[in-house]
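2 protein chains.
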Amino acid sequence: MTEPDEMIDRLEELIDARDASGASALLEALPAVEQSRFIDRLDDDTQEDLMMLVTPEQAASLLEKMPEAQAEDILDGLAPERAADIMEELDSDAVADLLGTLEDDEAEAILHEMEPEEAADARELLAYDEDTAGGLMRSEFLAYPLDATVGSVTEDMRSNAETYTDYDVQYAYIVDADERPVGVLRLRDLLLSTPATPVTKIMLPRPLVVHHAMELDELAQLFDDKGFVGLPVVDDEKKLVGVVMRKSVREAAADDVAEDFLKVSGLGGREELRSMPLVVRSRRRLSWLSINILLNVLAASVIAAYQDTLAQVIALAVFLPIISDMSGCSGSQAVAVSIRELALGLVRPVEMMRVLGKEMALGCINGLALGALLAVVALLWKGNPWLGAVVGGALMVNTIVAVSLGGLIPLALKRFDFDPALASGPILTTVTDMCGFFFVLSLATMLLPHLV
Amino acid sequence: MTEPDEMIDRLEELIDARDASGASALLEALPAVEQSRFIDRLDDDTQEDLMMLVTPEQAASLLEKMPEAQAEDILDGLAPERAADIMEELDSDAVADLLGTLEDDEAEAILHEMEPEEAADARELLAYDEDTAGGLMRSEFLAYPLDATVGSVTEDMRSNAETYTDYDVQYAYIVDADERPVGVLRLRDLLLSTPATPVTKIMLPRPLVVHHAMELDELAQLFDDKGFVGLPVVDDEKKLVGVVMRKSVREAAADDVAEDFLKVSGLGGREELRSMPLVVRSRRRLSWLSINILLNVLAASVIAAYQDTLAQVIALAVFLPIISDMSGCSGSQAVAVSIRELALGLVRPVEMMRVLGKEMALGCINGLALGALLAVVALLWKGNPWLGAVVGGALMVNTIVAVSLGGLIPLALKRFDFDPALASGPILTTVTDMCGFFFVLSLATMLLPHLV
Numbered sequence: 060m061t062e063p064d065e066m067i068d069r070l071e072e073l074i075d076a077r078d079a080s081g082a083s084a085l086l087e088a089l090p091a092v093e094q095s096r097f098i099d100r101l102d103d104d105t106q107e108d109l110m111m112l113v114t115p116e117q118a119a120s121l122l123e124k125m126p127e128a129q130a131e132d133i134l135d136g137l138a139p140e141r142a143a144d145i146m147e148e149l150d151s152d153a154v155a156d157l158l159g160t161l162e163d164d165e166a167e168a169i170l171h172e173m174e175p176e177e178a179a180d181a182r183e184l185l186a187y188d189e190d191t192a193g194g195l196m197r198s199e200f201l202a203y204p205l206d207a208t209v210g211s212v213t214e215d216m217r218s219n220a221e222t223y224t225d226y227d228v229q230y231a232y233i234v235d236a237d238e239r240p241v242g243v244l245r246l247r248d249l250l251l252s253t254p255a256t257p258v259t260k261i262m263l264p265r266p267l268v269v270h271h272a273m274e275l276d277e278l279a280q281l282f283d284d285k286g287f288v289g290l291p292v293v294d295d296e297k298k299l300v301g302v303v304m305r306k307s308v309r310e311a312a313a314d315d316v317a318e319d320f321l322k323v324s325g326l327g328g329r330e331e332l333r334s335m336p337l338v339v340r341s342r343r344r345l346s347w348l349s350i351n352i353l354l355n356v357l358a359a360s361v362i363a364a365y366q367d368t369l370a371q372v373i374a375l376a377v378f379l380p381i382i383s384d385m386s387g388c389s390g391s392q393a394v395a396v397s398i399r400e401l402a403l404g405l406v407r408p409v410e411m412m413r414v415l416g417k418e419m420a421l422g423c424i425n426g427l428a429l430g431a432l433l434a435v436v437a438l439l440w441k442g443n444p445w446l447g448a449v450v451g452g453a454l455m456v457n458t459i460v461a462v463s464l465g466g467l468i469p470l471a472l473k474r475f476d477f478d479p480a481l482a483s484g485p486i487l488t489t490v491t492d493m494c495g496f497f498f499v500l501s502l503a504t505m506l507l508p509h510l511v
Numbered sequence: 060m061t062e063p064d065e066m067i068d069r070l071e072e073l074i075d076a077r078d079a080s081g082a083s084a085l086l087e088a089l090p091a092v093e094q095s096r097f098i099d100r101l102d103d104d105t106q107e108d109l110m111m112l113v114t115p116e117q118a119a120s121l122l123e124k125m126p127e128a129q130a131e132d133i134l135d136g137l138a139p140e141r142a143a144d145i146m147e148e149l150d151s152d153a154v155a156d157l158l159g160t161l162e163d164d165e166a167e168a169i170l171h172e173m174e175p176e177e178a179a180d181a182r183e184l185l186a187y188d189e190d191t192a193g194g195l196m197r198s199e200f201l202a203y204p205l206d207a208t209v210g211s212v213t214e215d216m217r218s219n220a221e222t223y224t225d226y227d228v229q230y231a232y233i234v235d236a237d238e239r240p241v242g243v244l245r246l247r248d249l250l251l252s253t254p255a256t257p258v259t260k261i262m263l264p265r266p267l268v269v270h271h272a273m274e275l276d277e278l279a280q281l282f283d284d285k286g287f288v289g290l291p292v293v294d295d296e297k298k299l300v301g302v303v304m305r306k307s308v309r310e311a312a313a314d315d316v317a318e319d320f321l322k323v324s325g326l327g328g329r330e331e332l333r334s335m336p337l338v339v340r341s342r343r344r345l346s347w348l349s350i351n352i353l354l355n356v357l358a359a360s361v362i363a364a365y366q367d368t369l370a371q372v373i374a375l376a377v378f379l380p381i382i383s384d385m386s387g388c389s390g391s392q393a394v395a396v397s398i399r400e401l402a403l404g405l406v407r408p409v410e411m412m413r414v415l416g417k418e419m420a421l422g423c424i425n426g427l428a429l430g431a432l433l434a435v436v437a438l439l440w441k442g443n444p445w446l447g448a449v450v451g452g453a454l455m456v457n458t459i460v461a462v463s464l465g466g467l468i469p470l471a472l473k474r475f476d477f478d479p480a481l482a483s484g485p486i487l488t489t490v491t492d493m494c495g496f497f498f499v500l501s502l503a504t505m506l507l508p509h510l511v
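Listed below in C-alpha cells is the structure:
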C-alpha cells in the first residue's frame with residue numbers, strides 16, 4: 060500500500076471518530092485535486108459524514124474544487140438542510156451551477172431550506188439557460204449612482220472591504236435612476252484621481268453591455284475581441300442584473316471541448332467517475348452501446364446478403380474487419396477536423412461544397428496509399444492479384460467515401476441543430492461499414508471466376 | 060453565394076488593389092473569429108499580400124486572434140524582416156509561442172531581424188520548455204525596490220501609463236538588491252493608502268513564487284487552490300524573471316484537452332485546418348493510418364488461422380466485424396474515463412487494481428447485456444441456439460476484456476511516460492480485435508458439430 064492510500068485510511072478513521080479538526084487539518088494540507096481524490100475514495104456514507112462534520116464554509120470550499128460530477132454526487136446524498144447551509148457559503152453563480160446539476164425536486168428541497176434572499180438569487184440565476192450570459196453571470200457586483208464621487212466610492216469600498224473581497228472586483232458600474240448601466244469605473248482610474256472628482260468624469264461612458272440571453276459562442280468571441288475582464292449583463296428593460304466574467308466564459312468554453320471528447324468516446328458528454336454507483340455507470344454506457352450494436356447488426360446485414368460469395372472466397376472474411384476499421388479511422392479524422400473547425404468558427408455549416416472538395420482530394424491520395432498497401436498484403440498472402448485488386452480497390456473507394464462523409468456529417472448535423480460530437484461517430488461508422496462491405500463483396504461477386 | 064462569401068471576394072479585391080485602409084476597415088468591422096475565417100479563405104499569396112499591406116500593429120493583432128496552426132502557416136510564408144516587424148508589436152510570451160511553432164531555422168531568421176533587446180527576450184522565453192512556468196510566463200512586469208513608497212510607485216505608474224497598459228497589470232512586485240521578490244503590492248492596496256506610505260508597509264511579504272521549471276499540472280493546481288491572477292516566476296538564483304498569469308495557465312490546460320481530442324481522433328494532437336496544403340494534411344493523417352492498417356492486418360491474421368472453421372460456418376463472418384466494433388466501443392468508453400480521471404488528478408497511474416476491479420464489474424454487466432442481445436439476433440436469424448451461444452458468449456467475454464484493458468491502458472502508458480491519448484486507441488483495438496476473433500472462432504471450432 061502506498062503512502063497516500065494510508066492517508067486515505069487515516070482520513071476515514073478521523074471521520075469515523077468524529078474528529079472534525081483532525082479531518083480538516085489533513086484535507087487542508089493537501090492540494091485541491093488531492094482533496095477531491097481523497098474524498099472520491101471514501102464510501103458514500105463516509106463522504107456524507109465528512110460533509111456533516113466540517114463547517115459549512117469548509118464543506119463549500121471542498122465542493123467548489125471538485126469536478127462537477129463529483130460535487131453533484133455528494134450533494135445528492137446530503138440532507139437538504141445541510142446542503143442549504145453549504146450553498147449559503149458559495150457565490151451565486153456557483154450555487155446555480157451546482158443546483159443546476161441536480162434533479163428539479165432535489166434542487167427545490169435545498170432552495171426551500173436556504174435564506175429566502177439567497178434562494179431568490181439562486182432561483183433567478185437558475186431560470187437562465189446554462190450556456191447564456193444569464194446562466195454564466197454572478198449577481199454580486201458594485202453599482203453606484205450617477206452623483207457618486209471618487210471619494211464616496213472609495214469610502215464605500217473601504218467600509219465594505221470584507222464583503223467586496225468575495226466579489227472579485229475589477230470594475231464598478233455607474234447606473235442611472237432606472238438601474239441601467241451608463242458607465243464603468245476602472246480600479247486603476249480611481250487610484251489616479253482625487254477624492255472630489257465626480258465619477259462621471261472618469262468613468263468610461265456608454266459601456267458595452269450584453270443581454271442575458273447572449274449565447275456562449277458569442278460571449279467567447281466578445282471576450283476574445285476585447286480585453287475585458289468582465290461585462291455587465293442586462294435584462295429586457297436594460298437593467299443591470301449581473302456581471303459575466305471572462306473566467307466563467309473561458310471555463311464554460313473549455314468544458315465544451317471536454318464534453319465533446321466525452322461524446323465522441325460514447326459517454327454522452329456526461330462526466331463519469333469510477334466512484335459513481337456501478338448501475339449508473341453501466342446504464343449510461345449501455346444506453347449508447349445498445350444503439351450501436353443495432354447499427355452494427357444493420358451494417359453486417361450487407362455481409363449476410365453476400366454469403367454465397369463469401370463461402371466461395373473465404374479469404375474475404377479476413378479483410379472485412381480491416382476495411383471496416385480503416386474506413387472508420389479515416390472518417391474519424393475528418394470528423395475531428397470538422398468539429399474543431401466548427402468550434403473555432405473557421406467553417407460554417409453551409410460551406411459543405413468547400414469541405415467536400417477538400418476532403419475528396421485528400422481521400423483520393425490516402426485511399427490510393429491505403430488501398431495499394433492492402434492490395435500488396437492480399438497479393439503476398441494468397442498470390443492472387445485479383446484478390447488484391449478487390450480488397451485494395453474497395454478500400455480505396457471506401458476511404459474517399461469515409462473522409463468525405465466524415466467531413467460533411469458534423470456540418471450537416473450542426474445545420475439541423477443536432478450535436479455533431481454526439482451523433483457523427485455512429486452515423487459515420489454505420490454508413491461506411493455498409494458501403495465498405497458492399498464494395499468489397501459486390502466487386503468480389505463480379506470477379507468471382509478470378510477469385511476461386 | 061451567401062453574403063459573407065461576397066465579402067471575402069471584396070476583401071480579395073481590396074488586397075489586390077493594394078487598398079490598405081479599405082482592407083483593414085473591412086476586417087476590423089468583423090468579430091475576431093470571422094477575421095480568422097476570412098483570412099483562412101484567401102490563397103497563400105493573398106494572405107501574404109495582406110500581411111505586407113496592413114501596418115505591423117494590425118498584422119500582429121490579426122495573428123494574435125488566430126488558431127495557432129493558422130498563425131504558424133502565415134508566418135511561414137512571410138519574409139523574415141516583415142515577420143520580425145510584426146513580432147515586435149506582440150507581448151514577449153506571444154512572440155515565444157508563435158516562434159515556438161516554427162522550424163528552428165525559420166524562427167532564427169526572424170529573431171535575427173528583430174531589435175536585439177526584444178529578440179533576446181524572446182530567445183530567453185523560447186529556451187524554456189513549452190508547458191512550464193518559464194514557457195508560459197511573460198517577461199513584462201512591474202518591479203520596485205524595497206525603499207519605494209506608495210507615492211513613488213503611483214508616480215511611476217502614472218508616467219508610464221502608456222507602456223504599462225499592455226502589461227495587464229494586477230500586481231507590482233517588490234524586489235531586494237539581488238532582484239529576488241520579497242513582496243507583492245496589490246492595486247487595491249495602493250488605492251487605499253496615502254502617498255507617503257512605504258511599500259514595505261502594505262506589501263504582502265514572503266510572496267509565493269514558482270520556479271521556471273514548474274510543470275503545467277502543478278501550476279494549474281496552484282491557481283485552482285489559491286485565488287491569484289498571476290504568480291512571480293524565479294530562476295535558479297531566485298531572481299524574478301517573469302510573471303505567469305492564471306489566464307495563460309488556463310489556456311494551456313484547455314489546449315491540452317483539445318489536443319487529447321485530436322490525438323484520440325488519430326490526428327496526432329496537431330491541429331489541422333482545411334486551408335493547409337493538401338500534401339501536409341494527407342501526410343499527417345497517413346502517418347497514423349499506416350500504423351493502424353498494419354495493426355489491423357496483425358489482428359486479422361487470427362481470422363486467417365481459422366479459415367477452415369469459417370468455411371464451414373460462413374455466418375460467423377457476419378459477426379466478426381460486429382464483435383470487433385462493439386468491443387472497440389466498450390473499450391473506448393473506459394479509455395475516455397481513464398484519460399479524464401488522469402487529467403483531473405482523480406486517479407493515479409499506480410491505482411491499477413482499483414480501476415481493474417471497477418471495470419471488470421462493469422464489464423460483466425455490460426458484457427452480459429450485449430452478449431445476450433447479440434445471441435438473440437443470431438438465434439432469430441439462423442434459428443440455431445448454438446450459434447447464438449458462440450457469438451453472444453464471445454462478445455460477453457470480450458467486453459470484459461475490452462473495458463478492463465480500456466481502463467488500464469491509459470494508466471500503464473502514463474506510468475511509463477507515454478501519452479495515453481495518443482497510443483491507447485490503437486493498442487486497445489488491436490488487442491481486443493485479436494481476442495474477439497480468437498474467442499468467437501476457437502469457440503466455434505470446439506462446437507463445430509452443433510453449428511454446421
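First to last, the protein sequences are chains A and B.
For the first sequence, the working numbering gives the first residue as 60, with consecutive numbering after it.
For the second sequence, the working numbering gives the first residue as 60, with consecutive numbering after it.
From the three backbone atoms N, C-alpha and C, an ideal C-beta is built for every residue, glycine too.
Straight-line Cα distance separating residue j from residue i
| i | j | result |
| --- | --- | --- |
| B/Met-60 | B/Asp-68 | Bear in mind that a pLDDT of 40 at B/Met-60, under 50, signals an unreliable position, so the number given afterwards is only what the model happens to contain. Cα-Cα distance, rounded: 11 Å. |
| A/Gly-159 | A/Ile-133 | 14 Å |
| A/Val-490 | B/Leu-401 | 34 Å |
| A/Ile-74 | A/Thr-105 | 7 Å |
| B/Leu-70 | B/Thr-114 | 16 Å |
| B/Ile-98 | B/Gly-451 | 54 Å |
| A/Met-304 | A/Leu-290 | 6 Å |
| B/Ala-138 | A/Phe-282 | 32 Å |
| A/Ile-424 | B/Ser-341 | 7 Å |
| A/Leu-432 | B/Ser-360 | 16 Å |
| B/Asp-108 | A/Arg-182 | 54 Å |
| B/Leu-369 | B/Leu-487 | 25 Å |
Cβ shell of residue i (< 8 Å), same chain only, five flanking positions each side left out
| i | result |
| --- | --- |
| B/Gly-484 | Val-323, Gly-325, Ser-391, Val-394 |
| A/Val-293 | Arg-239, Pro-240, Val-268, Val-269, His-270, His-271, Leu-299, Val-300 |
| A/Glu-410 | Leu-470 |
| A/Leu-149 | Ala-119, Leu-122, Glu-123, Leu-157 |
DSSP bridge partner residues for residue i (one or two, in chain order)
| i | result |
| --- | --- |
| B/Val-396 | Bridge partners of B/Val-396: none, in fact. |
| B/Pro-204 | B/Val-234 |
| A/Pro-264 | A/Gly-242 |
| B/Val-269 | B/Val-292 |
| B/Pro-444 | DSSP output for B/Pro-444 lists no bridge partner at all. |
| B/Glu-274 | B/Thr-191 |
Close beta carbons around residue i, own chain, < 7 Å, minus the five adjacent residues each side
| i | result |
| --- | --- |
| B/Leu-189 | According to the sequence shown, residue 189 of chain B is Glu rather than Leu. Closer than 7 Å at the Cβ level, and outside the excluded window around B/Glu-189, lie Gly-159. |
| A/Glu-177 | Glu-147 |
| B/Asp-144 | Pro-115 |
| B/Leu-112 | Ile-74, Arg-77, Ala-79, Ala-82 |
Proximity test, residue i beta-carbon vs the ligand PLP heavy atom, cut-off 6 Å
| i | result |
| --- | --- |
| A/His-509 | Here there are no bound small molecules, and the ligand PLP is not part of this structure. |
Nearest neighbour of residue i, chosen from the options [CA to CA]
| i | options | result |
| --- | --- | --- |
| A/Lys-441 | A/Ala-482, A/Pro-380, A/Val-372, A/Phe-497 | A/Val-372 |
| A/Ile-233 | A/Pro-204, A/Asp-215, A/Leu-251 | A/Pro-204 |
| B/Glu-174 | B/Ala-192, B/Arg-141, B/Pro-508, B/Ser-95 | B/Arg-141 |
| A/Leu-332 | B/Val-377, B/Glu-418, B/Ser-198, B/Val-308 | B/Glu-418 |
| A/Asp-237 | A/Gln-229, A/Ala-202, A/Met-110 | A/Ala-202 |
Review point. Counting Cβ pairs, one atom from each stretch, are 3 or more of them under 8 Å apart for the region 156-176 of chain B and the region 119-136 of chain B?
Key: yes
Point to revise | the region 452-469 of chain B / the region 380-388 of chain B touching (three or more Cβ pairs under 8 Å) | key: yes
Review point. Given 8 Å as the limit, is there contact between the region 359-375 of chain A and the region 491-506 of chain A, that is, 3 or more CB pairs closer than that?
Key: yes
Practice item. Pair every Cβ in the region 202-220 of chain A with every Cβ in the region 246-260 of chain A, then say whether three or more of these pairs are closer than 8 Å. Key: yes
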